[in-house]
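Have a look at the structure below before the remarks.
Number of protein chains: 2
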Amino acid sequence: MFASGLIAFPITPMDADGRVDAAALRRLVRRLVDAEVDAVCVLGSTGSYPFVARDERRRAVEAAAAEIDGALPLMAGVGALRTDHAVLHTQDAAGAGAVMGLLAPVSYTPLTDEEVETHFATVAGEGGLPLCIYDNPASTHFAISDALSARLSRIPNIVAVKSPSPPGPEAKDRVEALRASTPEGFSVGFSGDATAAETMIAGADAWYSVLGGLFPAPLVAFRRAVAAGDIEEARRLDLALRPLWDLFREFSGLRVVYAAARLTGLCAADPPRPILPLPAAAQAKVAEVIANLRGTLDPRL
Amino acid sequence: MFASGLIAFPITPMDADGRVDAAALRRLVRRLVDAEVDAVCVLGSTGSYPFVARDERRRAVEAAAAEIDGALPLMAGVGALRTDHAVLHTQDAAGAGAVMGLLAPVSYTPLTDEEVETHFATVAGEGGLPLCIYDNPASTHFAISDALSARLSRIPNIVAVKSPSPPGPEAKDRVEALRASTPEGFSVGFSGDATAAETMIAGADAWYSVLGGLFPAPLVAFRRAVAAGDIEEARRLDLALRPLWDLFREFSGLRVVYAAARLTGLCAADPPRPILPLPAAAQAKVAEVIANLRGTLDPRL
Chain A
1 MFASGLIAFP
11 ITPMDADGRV
21 DAAALRRLVR
31 RLVDAEVDAV
41 CVLGSTGSYP
51 FVARDERRRA
61 VEAAAAEIDG
71 ALPLMAGVGA
81 LRTDHAVLHT
91 QDAAGAGAVM
101 GLLAPVSYTP
111 LTDEEVETHF
121 ATVAGEGGLP
131 LCIYDNPAST
141 HFAISDALSA
151 RLSRIPNIVA
161 VKSPSPPGPE
171 AKDRVEALRA
181 STPEGFSVGF
191 SGDATAAETM
201 IAGADAWYSV
211 LGGLFPAPLV
221 AFRRAVAAGD
231 IEEARRLDLA
241 LRPLWDLFRE
251 FSGLRVVYAA
261 ARLTGLCAAD
271 PPRPILPLPA
281 AAQAKVAEVI
291 ANLRGTLDPR
301 L
Chain B
1001 MFASGLIAFP
1011 ITPMDADGRV
1021 DAAALRRLVR
1031 RLVDAEVDAV
1041 CVLGSTGSYP
1051 FVARDERRRA
1061 VEAAAAEIDG
1071 ALPLMAGVGA
1081 LRTDHAVLHT
1091 QDAAGAGAVM
1101 GLLAPVSYTP
1111 LTDEEVETHF
1121 ATVAGEGGLP
1131 LCIYDNPAST
1141 HFAISDALSA
1151 RLSRIPNIVA
1161 VKSPSPPGPE
1171 AKDRVEALRA
1181 STPEGFSVGF
1191 SGDATAAETM
1201 IAGADAWYSV
1211 LGGLFPAPLV
1221 AFRRAVAAGD
1231 IEEARRLDLA
1241 LRPLWDLFRE
1251 FSGLRVVYAA
1261 ARLTGLCAAD
1271 PPRPILPLPA
1281 AAQAKVAEVI
1291 ANLRGTLDPR
1301 L
């Protein structure tokens, strides 16, 4: 199963004109390979895929594939507002070395379930890659119901779902509900770093992680603790990261990881406009939290 | 004032690959000029602007400008997810003959007020066209507060706002709130055909109309009734259109006008995928409503 374990989402370093800095992206991806994440997904929401032009998307996938060199599975965001564009992005990603596409129902005009189902069936049929359903209503403004997930999960070539993680106490029920509505062997995973830990403890297949795309070490440790059945240690790690989760909630994961990448010298890119770098006061908070975590949790942050 | 009266929003006829059918668009625009709408806006949400590539957007504006030939003001949607793209679309629209740009805060990653303000200031400063603020949270997923409207309305080159119309009984208060928060001479207008009539009766400057882009006659009659102070006649016309407003609410204005354009032989285009043509049962409802209105209200529908 490709979509399993800790799946790390790096940012896509770009200049102001949207040109991908392939060398900077490769440095971020190298860090993820070295940390032994289970898979890398470029051009997720954290990778700003809707802001990246077709040729630049292909360059980003090629750069990541070259750096990974088969060491682990590479996923790529393939979503687009137009169905034909999503098909092209998927074909491009396949040609550039990705083994799975992450497809969100990006919307402007609100979409119906039938429209989303047709969209997914078209991309799955013509794109040439296994797909993960990307359910992220906060960005796509379309919520995939369990009934729709059930239908989508039976389309050939659709093999996984990335669902928003619920509050901790509801994690077990959400995992079970998605398991019940999808076929045997279908990968059930979650995003939303602040609450995803409990879904893994409850038996989810994958954590699609924003923080894991920049600071993979503590999340790889979490993943290993869960795999070893050491839930106490897993919860300790998640709890230690809570100051970061609070910043994600306050400013969004995207803005925080851009600030953290710059503050720690890993990457000096800014998010694509109109998204602005965090204001100075917020950056100071990010710096303080990272400094504390380096002292108390993991110096590799 | 450019942004005044009945501003009609035609669909953008395109083929499955997103190529604009300029001749079909000109036929739709001709109908609007002949009906004496006050202005035409191409590439609004009804014109599917987020689905239209840069070159095709320019072709659409050029086609409309050629057909209008100075008879009335031409507006064009210039919104984009990226700030630099919105600037380019605005410059293109200016070069192609538009006299005003309609700028929405299109979002994927949810935006902050500061980000939207910077986005608007950049496009207003570099785009080369007066701008209308396009507040349409149902599509852009960003709601422009009155406080933000107040700040945006003081940016040079931002001259109008298109705001979602409230339920009828709240129309007067909304018009007054927007008047109070924007400068003297700033155009306050509304969209949302099903409830926009009462905002015009309450003194709004403009009705940004989806139906007006296909069936302008009854809305021009409405506009004239309001101008003549014949509120009873204005309300009669709006009430007569209620069966259409109900369809707009049920299926969206966009899907209904595409179906109506095809059913009445005005234009055979389909909306861009993933948006699907209305199912047969819904099309039958649209046909029935139009047939009834042709008999009871206006044979030009």
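Order-wise, the sequence lines are chains A and B. In terms of our numbering, the first sequence opens at residue 1 and continues consecutively. In terms of our numbering, the second sequence opens at residue 1001 and continues consecutively. The beta-carbon is built from N, C-alpha and C at its ideal position, and this holds for glycine as well.
- When 7 Å is used as the limit between beta carbons, A:S139 is near these residues of chain B: Y1108, T1109, in chain order.
- Listed by position along chain A, the residues whose Cβ is nearer than 8 Å to that of B:G1018 are R82, D84.
- Within its own chain, the residues whose Cβ lies closer than 8 Å to the Cβ of A:L301, once the five positions on either side in sequence are excluded, are F215, A217, P218, T264, I290, L293, R294, listed in chain order.
- Within the model, the alpha-carbon separation for A:I158 versus A:F142 is close to 18 Å.
- Taking the CA atoms as reference points, A:V175 sits about 44 Å from B:P1243.
- With at least 16 other beta carbons inside 10 angstroms of its own, A:A94 counts as buried.
- Neighbourhood of B:F1051 in chain A, by CB distance below 8 Å: L81, R82, Y108, in chain order.
- The beta carbons of B:A1008 and B:V1052 sit no closer together than 8 Å.
- When 8 Å is used as the limit between beta carbons, B:T1118 is near these residues of chain A: R273, P274, L276, in chain order.
- Counting C-beta atoms within 10 angstroms of its own C-beta, B:I1231 has fewer than 16 neighbours from the protein chains shown and is therefore classed as exposed.
- Taking the beta carbon of B:E1114 as reference, the chain A residues within 9 Å of it are L276, P279, listed in sequence order.
- For A:L254, the neighbours in chain B by C-beta distance under 9 Å run, in chain order, T1109.
- For A:A124, the enclosing alpha helix (DSSP H) stretches over residues 113-126.
- Inclusion of A:A71 and A:V99 in the CB contact set at 8 Å is not warranted, their separation being larger than that value.
- In the three-state scheme derived from DSSP, where H, G and I count as helix and E and B as strand, A:A16 is classed as coil.
- Between B:R1255 and B:L1278, the beta carbon gap of about 5 Å places them in contact (Cβ cut-off 8 Å).
- In this structure, the straight-line span from the alpha carbon of B:V1020 to that of B:V1029 is close to 14 Å.
- Apart from sequence neighbours up to five positions away, the residues of its chain that approach A:D298 with a beta-carbon distance below 7 Å are A217, P218, ordered along the chain.
- In this structure B:A1096 is in contact with B:E1062, their Cβ atoms being roughly 5 Å apart against a cut-off of 8 Å.
- Scanning A:Q283, A:P105, A:R262, A:A281 for the CA closest to the CA of A:I11 turns up A:R262.
- The beta strand (DSSP E) runs lying completely inside the region 18-78 of chain A and spanning 3 residues or more are 39-42, 74-77, given in chain order.
- Straight through space, the alpha carbons of B:E1067 and A:A204 are spaced by roughly 58 Å.
- DSSP, read as helix, strand or coil, puts A:Y208 in strand.
- With respect to A:D135, A:K162 sits close: the two C-beta atoms are nearer than 8 Å.
- For B:Y1258, the enclosing alpha helix (DSSP H) begins and ends at 1253-1263.
- Here the region 266-285 of chain A makes contact with the region 1077-1084 of chain B; the two share three or more CB pairs at distances below 8 Å.
- Here A:E288 is exposed. Its C-beta has fewer than 16 other C-beta atoms within 10 Å.
- Chain-order list of chain A residues neighbouring B:S1045: Y108, T109, by C-beta distance under 9 Å.
- Going by beta carbons, B:L1025 and B:G1212 fall outside the 8 Å limit.
- In the structure shown, B:P1164 falls within a strand segment according to DSSP collapsed to helix, strand and coil.
- For A:T195, the CB contacts under 7 Å within the same chain, skipping 5 residues up- and downstream, are S165, P166, P167, G168 in chain order.
- In the displayed model, B:F1190 falls within a strand according to three-state DSSP.
- Linking A:I144 to B:T1296 through their CA atoms gives a straight-line distance of about 42 Å.
- Between A:M200 and A:V220, the C-beta gap is not smaller than 8 Å, which leaves the two residues out of contact.
- As DSSP reads the structure, A:I7 sits in a beta bridge with A:A39, A:Y208.
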